[in-house]
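*Asks:* Everything in the sequence shown is counted per this note's numbering, starting at 155 for the first residue and increasing by one. No residue lacks a Cβ here, since even glycine has one placed at the ideal position from N, Cα and C.
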Amino acid sequence: MNISSSGVILGIFFGIFSGGFVAFIIEYFDNTIKSIDQIERRGIYILAIIPAIKKNKKNRKSRKYLSKMPDVDKLQRRLITTEDPKSPISEAYRGLRTSMMYNSSNKKCSIILVSSSGPGEGKTTTIANTAITYANLDKKTLLIDADLRKPVIHNIFKLDKTPGLTSYLSGYSNIDQIINKSDIPNLDILTSGIIPPNPSELLNSKKMEGLLEKLKDKYDVIMFDTPPLIAVTDGYILMKFVTQFMLVIRSGVTQKLALERVLNDLKHNNIKLSGAVLNAVSEEHTYGAGYYDYYQYYASESNEK
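(1) With a threshold of 7 angstroms on Cβ separation, who are the neighbours of N423 within its own chain once the five nearest residues in sequence on each side are excluded?
(2) Compute the Euclidean distance between the alpha carbons of D238 and T287, then round it to the nearest angstrom.
(3) Is R248 helix, strand or coil by DSSP?
(4) Check the DSSP bridge columns for A462 and list the partner residues they point to.
(5) Report buried or exposed for R195, applying the criterion of at least 16 other Cβ atoms within 10 angstroms of its Cβ.
(6) In this structure, how does DSSP classify I307 when only helix, strand and coil are distinguished?
(7) Looking at the structure shown, is V435 part of a helix, part of a strand, or coil, going by DSSP?
(8) Which residue from L427, I298, K361, S321 puts its Cα closest to that of K335?
(9) With DSSP collapsed to three states, give me the class of V396.
(10) At 4 residues or longer, and completely inside the stretch 312-376: list those alpha helix (DSSP H) runs for me, N to C.
(11) Tell me, please, which residues DSSP counts as bridged to Q192.
(12) Counting only the same chain and skipping the five closest in sequence on each side, list residues whose C-beta sits under 8 angstroms from that of I193.
(13) Tell me which same chain residues have a C-beta within less than 7 angstroms of the C-beta of E275, skipping the five on either side of it?
(14) Taking its Cβ as the centre, do 16 or more other Cβ atoms sit within 10 Å of Y373, making it buried, or is it exposed?
(15) How do the stretch 342-355 and the stretch 314-332 stand: do at least 3 beta-carbon pairs fall below 8 angstroms, yes or no?
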C-alpha cells in the first residue's frame, strides 16, 4: 500500500468519524423531542402522527394560498379538515379521532381535554380539527375554549369572544347565550369570554361543575382547549371533569425537560394520560415521509375508480 492510498483511506475514515461526531454533538445538545422513539421511551402511547402543513412546490393552488399567510401561527391554525378533507393531514386527524374512540369509556358523553407542555406546539389546531372529525360522524360536539389567558378559538371560527365561558361562570349569562353554532353541522363552540383576573378560581368553581353536568345531557363529545401545562394550573384543574386527556407534542419544538416536568406532575397527581399526538412531522422525517407515501398510494388508487 503506497502513501497516496493510505492517505485516501485515512481521509475516508476521518470523514466518517467527524460526521458521526458532529451528528452526536447535535443530538446531544438538542433538547427537543423529534421522534416517536423519544416519546415511547417515556411510556407514552402514540395516538396519531400529524404531518406538518407545508408549502407544496408541485401544487400551485396550495402555493398561492400559503404565500398569502403572513406568519407561522396562522398557518398552524388552519381548519384543514374543512379546507381539504382528502389531504393526508385530514386523514391523520380522523385517525386520531378513531384512536380516541377506541380508548373511550362507555359513558354517554366523552369529555376530552387537549393540552401541551409549552406554547406553540399546536394544541389548538389539533383540538379544532379533531372536533370537526367528531362532528362529521354525526356526534353532537361542543368545543370549549378554556384557555382563559390567551384564547384563540373565537378567531379560528370567526366568532365574538364574549359572551362566553367567563360570562356564565361570573353569573352574567345563561347557557343559551354562550353556545355558538358553527358553520359545521353538529359542532357548537363555547368561546372564552372576557379574560378574567382569576381564571383558575373560575374553572375550579361549583358553577363550572354544574355547567358540565348540564352540557353532558346535550352533547356526545365535549372538548376542552386549555393553556400549556408547564405555565399554569388551569389544565390540571379541569382534569377532574374529563374522561380522556390528550397531550400534543410538536416535533422539534417540545422541550424534553418541559415534557418530563409535565409527566412527573401527572404521575404525582395520579392523572391518566390517554396518549400523545406527535404534531407537525415533516415529510423529510422518517415517519412523515412514510405516512405521505402510503397516503399518496391509496389516494391514487381511489382516483382511478
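*Replies:* Taking the definition as stated:
(1) Closer than 7 angstroms at Cβ, skipping near neighbours: Y390.
(2) So the alpha carbons of these two residues sit roughly 12 angstroms apart.
(3) Under the three-state reduction of DSSP output, R248 falls in the helix class.
(4) Residue 462 lies beyond the residue range present for the chain, which begins at 155 and ends at 459; the question has no answer from this structure.
(5) Classification of R195: exposed, given that the 10 Å Cβ count is below 16.
(6) In this structure, DSSP gives I307 a helical state, which the three-state scheme calls helix.
(7) Correct three-state label for V435: strand.
(8) The shortest Cα separation from K335 among L427, I298, K361, S321 belongs to I298.
(9) Coil.
(10) Counting only runs of 4 or more, we get 319-323, 329-332, 353-357, 360-370.
(11) None, per the DSSP bridge assignment.
(12) Counting only residues of its own chain and dropping the five nearest sequence neighbours on each side, I193 has a CB closer than 8 angstroms to the CB of I187, I200, I403, A430, L432.
(13) Cβ-Cβ distances below 7 angstroms link E275 to V402, I403, R404, V407, T408, N433 in the same chain, with the five nearest sequence neighbours on each side left out; the list follows chain order.
(14) A residue is called buried once 16 or more other Cβ atoms fall within 10 Å of its Cβ, and Y373 is buried on that count.
(15) Yes: the two stretches touch, three or more of their Cβ pairs being nearer than 8 angstroms.
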